[in-house]
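Trainee: All residue numbers for the sequence shown refer to full-length UniProt numbering, where the first residue is 1 and numbers rise by one.
Backbone N, C-alpha and C define an ideal beta-carbon position, used for all residues, glycine too.
This structure is in structure tokens; I'll ask about it shortly.
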Amino acid sequence: LPLLFLLCKKLHNKLREEWETRILAEPVTSMQEFVDFLHERARVLEAVHPSSEHKHTSKNSDQRGNKARGVTTLVVEATPEFACLKCAAPHPLYTCGVFRKEPVSQRFAFVKSK
Numbered sequence: 001l002p003l004l005f006l007l008c009k010k011l012h013n014k015l016r017e018e019w020e021t022r023i024l025a026e027p028v029t030s031m032q033e034f035v036d037f038l039h040e041r042a043r044v045l046e047a048v049h050p051s052s053e054h055k056h057t058s059k060n061s062d063q064r065g066n067k068a069r070g071v072t073t074l075v076v077e078a079t080p081e082f083a084c085l086k087c088a089a090p091h092p093l094y095t096c097g098v099f100r101k102e103p104v105s106q107r108f109a110f111v112k113s114k
């Protein structure tokens with residue numbers, strides 16, 4: 001699931017660590033499981049830290065009627081791009097065409113050497 005991999009890269013480090021720990025037991029996951037995980041984490045965070053404590057709201061004047069409106073800002077931590085260990089392209093090793101074409105014994109030896 002390339003889309004799932006890209007979305008995981010966008011997670012905050014702590015949340016990404018929790019997701020990776022969760023999928024260790026069941027490596028093949030669906031997009032729905034990922035969405036359910038995010039909903040679960042959001043519910044936990046909302047229960048621990050109500051949103052009124054964490055929203056960064058500023059008042060801006062609306063040019064049409066001088067009405068103040070709230071603006072909520074979301075901060076996302078950028079994560080570094082991954083390079084394939086086999087061909088250095090920007091994808092994980094398990095999706096690498098060069099790696100997947102090799103016999104299992106060579107793939108095993110390659111992974112073991114890393």
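Using the three-state DSSP reduction, which class does E102 fall into: helix, strand or coil?
Mentor: Correct three-state label for E102: coil.
Trainee: Going by the CB atoms, is the gap between F5 and W19 shorter than 8 Å?
Mentor: Going by C-beta atoms, W19 is not nearer than 8 Å to F5.
Trainee: Starting from H39, trace the alpha helix (DSSP H) both ways and give me its first and last residue.
Mentor: Run containing H39: 31-48, per the alpha helix (DSSP H) assignment.
Trainee: Could you give the C-beta distance for T95 and P2, rounded to a whole number, given that I count them as a contact under 8 Å?
Mentor: The pair is a contact, with the Cβ atoms about 7 Å apart (cut-off 8 Å).
Trainee: In terms of residues, what are the limits of the alpha helix (DSSP H) holding T95?
Mentor: From DSSP, T95 is part of no alpha helix (DSSP H); its letter is neither H nor E.
Trainee: Just curious, the alpha helix (DSSP H) that L15 is in, first and last residue?
Mentor: Residues 13-23.
Trainee: Ignore the nearest five residues each way along the sequence and tell me which others in L93's own chain have a CB closer than 8 Å to its CB.
Mentor: So the list reads C84, L85, K86, F99, V111, once near-sequence residues are dropped.
Trainee: Compute the distance between the beta-carbons of R41 and L15, then report whether it is under 8 Å.
Mentor: In this structure, L15 lies closer than 8 Å to R41 by Cβ.
Trainee: Taking the alpha carbon of L11 as the point to measure from, which residue in A25, S30, T29, F34 has its own alpha carbon closest?
Mentor: L11 has its Cα closest to that of F34, out of A25, S30, T29, F34.
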